[in-house]
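Student: From first to last, the protein sequence lines are chains A and B. Residues in the first sequence are numbered from 42 upward in steps of one, following the working numbering. Residues in the second sequence are numbered from 42 upward in steps of one, following the working numbering. We treat Cβ as the ideally placed atom computed from N, Cα and C, and that holds for glycine. Being a predicted model, the structure only gives us computed values, none of them experimental.
There are 2 protein chains.
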Amino acid sequence: MARSADPTLAERRRRQILDAAMACFGRRGFHRTSMQEICGEAALSAGALYRYFPSKSDIIAAIAGEDRRDSEPLFAAIANGDSMIEGVCALAAHMVAKCTAKAPLFAEVIAETLRDRELSERFATHEAETRARLVAAIAAAWRRAPAPDMTPERAARLVMLMLDGLALRVMREGVHGAVDAGPLLEDFREALLRLFATAAPGPRKRALAGVES
Amino acid sequence: MARSADPTLAERRRRQILDAAMACFGRRGFHRTSMQEICGEAALSAGALYRYFPSKSDIIAAIAGEDRRDSEPLFAAIANGDSMIEGVCALAAHMVAKCTAKAPLFAEVIAETLRDRELSERFATHEAETRARLVAAIAAAWRRAPAPDMTPERAARLVMLMLDGLALRVMREGVHGAVDAGPLLEDFREALLRLFATAAPGPRKRALAGVES
DNA sequence: ACCTGAACACCGTTCAAGT
DNA sequence: ACCTGAACACCGTTCAAGT
Chain A
42 MARSADPTLA ERRRRQILDA AMACFGRRGF HRTSMQEICG EAALSAGALY
92 RYFPSKSDII AAIAGEDRRD SEPLFAAIAN GDSMIEGVCA LAAHMVAKCT
142 AKAPLFAEVI AETLRDRELS ERFATHEAET RARLVAAIAA AWRRAPAPDM
192 TPERAARLVM LMLDGLALRV MREGVHGAVD AGPLLEDFRE ALLRLFATAA
242 PGPRKRALAG VES
Chain B
42 MARSADPTLA ERRRRQILDA AMACFGRRGF HRTSMQEICG EAALSAGALY
92 RYFPSKSDII AAIAGEDRRD SEPLFAAIAN GDSMIEGVCA LAAHMVAKCT
142 AKAPLFAEVI AETLRDRELS ERFATHEAET RARLVAAIAA AWRRAPAPDM
192 TPERAARLVM LMLDGLALRV MREGVHGAVD AGPLLEDFRE ALLRLFATAA
242 PGPRKRALAG VES
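1) The alpha helix (DSSP H) with P145 of chain B in it runs from where to where?
2) Can you give me the C-alpha to C-alpha distance between L115 of chain B and G206 of chain A, rounded to a whole angstrom?
3) For the segment 49 to 107 of chain B, which segments carrying the alpha helix (DSSP H) assignment without a break, of at least 4 residues, lie completely within its bounds, in sequence order?
4) Measuring straight from C-alpha to C-alpha, what distance separates A208 of chain B and D221 of chain B?
5) Which of the residues in the segment 80 to 100 of chain B, read from start to end, lie with their CB under 7 Å from any CB of chain A?
6) List the residues of chain A whose Cβ lies closer than 8 Å to the Cβ of M63 of chain B, in chain order.
7) Pick out whichever of A:A84, A:Y93, A:A61 and A:M63 has its Cα sitting closest to the Cα of P48 of chain A.
8) Along the segment 149 to 161 of chain B, where does the CB come closer than 9 Å to a CB of chain A? Name the residues.
9) Compare the C-beta of H217 of chain A against all C-beta atoms of chain B and say whether one is closer than 8 Å.
10) Under three-state DSSP, which class holds M191 of chain B?
11) Would you say D221 of chain B reaches chain A, if we count a Cβ-Cβ gap shorter than 8 Å as a contact?
12) Kindly say whether L207 of chain B, judged by its beta-carbon, lies nearer than 8 Å to any beta-carbon of chain A.
13) Between C130 of chain B and the rest of its own chain, which residues show a CB-CB distance below 8 Å, the 5 nearest in sequence each way excluded?
14) How many angstroms separate the CA atom of A62 of chain B from the CA atom of I100 of chain B?
15) How is H217 of chain A classed by DSSP in three states: helix, strand or coil?
16) Just by C-beta distance, which residues in the segment 177 to 191 of chain B are closer than 7 Å to chain A?
17) So what does DSSP say about G122 of chain A, is it helix, strand or coil?
18) Nearest chain B C-beta to L231 of chain A closer than 8 Å, yes or no?
19) Counting only C-beta atoms, is H72 of chain A closer than 8 Å to chain B at any point?
20) How many Å lie between M212 of chain A and P145 of chain A at the Cα?
21) Please check the pair M136 of chain A and I179 of chain A, which I expect to be a contact at CB under 8 Å, by giving their CB distance rounded to whole angstroms.
22) Looking only at its own chain, which residues have a Cβ that is under 8 Å from the Cβ of A87 of chain B, when we skip the five neighbours before and after it?
23) Out of curiosity, what's the CA-to-CA distance linking D123 of chain A and R69 of chain A?
24) Do you know how far the Cα of A197 of chain B is from the Cα of M201 of chain A?
25) Can a CB atom of chain B be found closer than 8 Å to the CB of M76 of chain A?
26) Do you know offhand how far Q57 of chain A's Cα is from L160 of chain A's?
27) So R162 of chain A packs on F71 of chain A, CB below 8 Å; how close in whole Å?
28) Indicate the three-state DSSP secondary structure (helix, strand or coil) for F229 of chain A in the structure shown.
29) Chain B beta carbons: is any one of them nearer than 8 Å to that of A142 of chain A?
30) Would the beta-carbon of T154 of chain A fall within 8 Å of that of A105 of chain A?
31) Cutting at 7 Å between CB atoms, please list the residues of its own chain near V216 of chain A, excluding the five before and the five after it.
32) Could you tell me how far apart the beta carbons of V176 of chain A and P189 of chain A are, in whole angstroms, since I believe they sit closer than 8 Å?
33) Any beta carbon of chain A sitting closer than 8 Å to that of T239 of chain B?
34) Answer with buried or exposed for E107 of chain A, where buried requires no fewer than 16 other C-beta atoms within 10 angstroms of its C-beta.
35) From the DSSP output, in three-state form, read off T166 of chain B for me.
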């Protein structure tokens with residue numbers, strides 16, 4: 042199994058192809074852009090392209106895996122910040138910004154992730170990791186501040202449920218026009234505040250009596 | 042513009058084609074099933090099929106529009122039932138059941154809805170109608186029972202955000218295997234209970250003191 | 001080692017021709 | 001009026017041939 046003579050060439054070619062593909066997918070969608078178009082945009086022949094990506098699907102997979110790294114600080118902020126809720130809001134804002142910036146491309150990725158078996162499995166793995174990071178971050182946050190009557194596991198599941206909803210909504214509004222993120226994030230924060238309110242007046246929790254009024 | 046000689050034939054042919062397409066899409070996905078396959082399944086030639094559906098996209102659009110009718114009673118139940126929360130849970134359960142029963146098909150519909158401009162617009166119209174019905178139903182429910190400190194509009198947006206998240210999750214788990222709806226719906230109900238808790242111990246609401254313990 | 005581009009086996013859609 | 005199916009203009013992918 043011969044390794045590449047110039048290992049940086051392979052990496053540069055992959056970048057070149059990925060950039061070309063992202064430009065094309067963003068313009069025309071995954072299924073409407075042909076390999077020929079990507080070849081044209083990347084100034085490479087079909088044969089050369091297939092040397093670096095064995096199929097069109099693999100290109101989308103590579104794009105989907107691209108920006109996993111830059112979310113790490115967001116999780117650290119949830120774990121160590123003053124407010125778990127604000128930390129999660131920042132995570133949501135980050136995601137919404139990414140989605141609005143390149144909604145058509147992300148819509149393609151989501152759609153393809155729902156369609157392709159292999160992509161779907163890769164995505165499930167990634168999602169499980171993300172959930173684990175979120176559980177750890179929420180648990181850490183709640184060790185440092187008053188926590189509601191809920192497990193970090195359920196909290197993480199609820200947060201991810203809402204993040205999924207948010208993503209889908211931003212996609213749908215963003216694929217064919219501008220999206221106003223403000224109200225969406227405001228709704229999201231309001232939901233978090235109610236979901237994770239501490240000291241709820243439940244029957245078997247210590248209750249804070251409403252003193253004033 | 043000649044009308045059909047036998048108006049029931051057109052309807053029967055559309056059903057025949059739609060049923061064939063749903064079977065094929067469920068088996069192999071939207072983009073992987075060819076028009077030839079649908080023709081084979083429907084026992085019709087390509088030309089005949091194109092007489093009833095001008096494109097492959099129109100077939101998916103027709104499938105997406107198919108089961109809008111049967112959700113009407115669910116909204117009525119929210120408006121008139123004892124508990125708005127239980128009504129919304131029933132709506133969620135209905136949606137989850139539909140999605141789990143034919144996850145691959147619904148995943149195709151969602152994916153295509155994100156990809157295709159015309160489909161996306163039809164979907165947006167449908168969604169706006171749904172939201173209006175939900176707002177009306179929640180407002181009606183809250184006129185008959187204690188309501189939380191929230192507008193029906195925001196409540197409807199939050200419910201739809203969570204329903205979207207739920208749908209996406211069920212799709213992702215269901216496209217390639219069985220999905221256990223129980224825990225998902227339990228999370229969903231728990232979220233609703235917290236989101237729409239009445240008499241929250243906020244500073245300017247009458248507060249229920251925790252008497253026992 | 002890396003690349004080219006013609007060729008292959010398809011695809012969605014159309015349309016002249018049948019009944 | 002309704003249908004057929006060959007034909008058209010593509011598509012993703014491969015592979016012999018070049019450098």
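Tutor: A quick look at the data gives this:
1) Within the second sequence, numbered from 1, the residue matching residue 145 of chain B stands at position 104. Annotation: the continuous alpha helix (DSSP H) that includes P145 of chain B extends over A144 to R156.
2) Taking the second sequence and counting its residues from 1, one reaches residue 115 of chain B at position 74. Taking the first sequence and counting its residues from 1, one reaches residue 206 of chain A at position 165. Using only the alpha carbons, I get a separation of about 21 Å.
3) 76 to 83, 87 to 93 and 97 to 107
4) Here residue 208 of chain B is taken as the residue at index 167 of the second sequence, counted from 1. Here residue 221 of chain B is taken as the residue at index 180 of the second sequence, counted from 1. In a straight line, the C-alpha of A208 of chain B is about 13 Å away from that of D221 of chain B.
5) none
6) The residue you call residue 63 of chain B lines up with position 22 of the second sequence. Residues of chain A passing the Cβ test: none, with the nearest at roughly 16 Å.
7) One-based indexing of the first sequence puts residue 48 of chain A at position 7. Closest option to P48 of chain A, Cα to Cα, is A:Y93.
8) Residues of the segment 149 to 161 of chain B with a C-beta less than 9 Å from any C-beta of chain A: E149, I151, A152, E153, T154, L155, R156, D157, R158 and S161, listed in chain order.
9) The sequence position of residue 217 of chain A within the first sequence is 176, counting from 1. Yes, because at least one Cβ of chain B sits closer than 8 Å to the Cβ of H217 of chain A.
10) Taking the first residue of the second sequence as 1, we reach residue 191 of chain B at position 150. In the structure shown, M191 of chain B sits in coil (DSSP, three-state: anything other than H, G, I, E or B).
11) Within the second sequence, the letter at position 180 stands for residue 221 of chain B. No, D221 of chain B does not count as interfacial toward chain A.
12) As a first step, residue 207 of chain B must be located in the second sequence, where it is residue number 166. Yes, L207 of chain B lies at the interface with chain A (some Cβ there is under 8 Å from its Cβ).
13) In the second sequence, counting from the first residue as 1, residue 130 of chain B sits at position 89. So the qualifying residues of the chain are L226, F229, R230 and L233.
14) Within the second sequence, the letter at position 21 stands for residue 62 of chain B. Within the second sequence, the letter at position 59 stands for residue 100 of chain B. A62 of chain B and I100 of chain B: Cα-Cα distance of roughly 8 Å.
15) What you label residue 217 of chain A is simply residue 176 of the first sequence in a count that begins at 1. H217 of chain A carries a coil assignment under DSSP once its states are collapsed to helix, strand and coil.
16) none
17) Start at 1 with the first residue of the first sequence, and residue 122 of chain A comes out as number 81. Note: G122 of chain A maps to coil in three-state DSSP.
18) Position 190 of the first sequence, counted from the first residue, corresponds to residue 231 of chain A. The amino acid at residue 231 of chain A is misidentified as Leu; the sequence shows Glu. Answer yes: the Cβ-Cβ gap between E231 of chain A and chain B drops below 8 Å somewhere.
19) Locating residue 72 of chain A in the first sequence gives position 31, where the first residue counts as 1. With 8 Å as the cut-off, H72 of chain A counts as an interface residue toward chain B.
20) Counted from its first residue, the first sequence places residue 212 of chain A at position 171. Counted from its first residue, the first sequence places residue 145 of chain A at position 104. Within the model, the alpha-carbon separation for M212 of chain A versus P145 of chain A is close to 7 Å.
21) Along the first sequence, read from residue 1 onward, the residue named residue 136 of chain A stands at position 95. Along the first sequence, read from residue 1 onward, the residue named residue 179 of chain A stands at position 138. About 17 Å separates the two Cβ atoms, so there is no contact after all.
22) Residue mapping note: residue 87 of chain B aligns to position 46 of the second sequence, counting from 1. Closer than 8 Å at the Cβ level, and outside the excluded window around A87 of chain B, lie M76, Q77 and C80.
23) Translated into the one-based positions of the first sequence, residue 123 of chain A becomes position 82. Translated into the one-based positions of the first sequence, residue 69 of chain A becomes position 28. Roughly 43 Å between the two C-alpha positions.
24) To locate residue 201 of chain A, count along the first sequence from 1; it is residue 160. To locate residue 197 of chain B, count along the second sequence from 1; it is residue 156. In a straight line, the C-alpha of M201 of chain A is about 19 Å away from that of A197 of chain B.
25) Numbered from its first residue, the first sequence carries residue 76 of chain A at position 35. Chain B contact via Cβ: absent.
26) Within the first sequence, residue 57 of chain A is the residue found at index 16, counting from 1. Within the first sequence, residue 160 of chain A is the residue found at index 119, counting from 1. Each residue's alpha carbon lies about 22 Å from the other.
27) As a first step, residue 162 of chain A must be located in the first sequence, where it is residue number 121. As a first step, residue 71 of chain A must be located in the first sequence, where it is residue number 30. Before going further, note that residue 162 of chain A is Glu rather than Arg in the sequence given. Contact flag wrong, Cβ pair sits at about 18 Å.
28) Stepping through the first sequence from its first residue, residue 229 of chain A is reached at position 188. DSSP places F229 of chain A in helix when its eight states are reduced to three.
29) Position 101 of the first sequence, counted from the first residue, corresponds to residue 142 of chain A. Chain B contact via Cβ: absent.
30) If you number the first sequence from 1, residue 154 of chain A lands on position 113. If you number the first sequence from 1, residue 105 of chain A lands on position 64. Contact: yes.
31) In the first sequence, residue 216 of chain A corresponds to position 175, counting from 1. Excluding residues within five positions, the ones whose Cβ falls inside 7 Å are A144, P145 and A148.
32) Taking the first sequence and counting its residues from 1, the one referred to as residue 176 of chain A is at position 135. Taking the first sequence and counting its residues from 1, the one referred to as residue 189 of chain A is at position 148. Contact flag wrong, Cβ pair sits at about 15 Å.
33) Position 198 of the second sequence holds residue 239 of chain B. Cβ-Cβ to chain A under 8 Å: no for T239 of chain B.
34) Translated into the one-based positions of the first sequence, residue 107 of chain A becomes position 66. Classification for E107 of chain A: exposed.
35) Taking the first residue of the second sequence as 1, we reach residue 166 of chain B at position 125. Here T166 of chain B sits in helix by DSSP.
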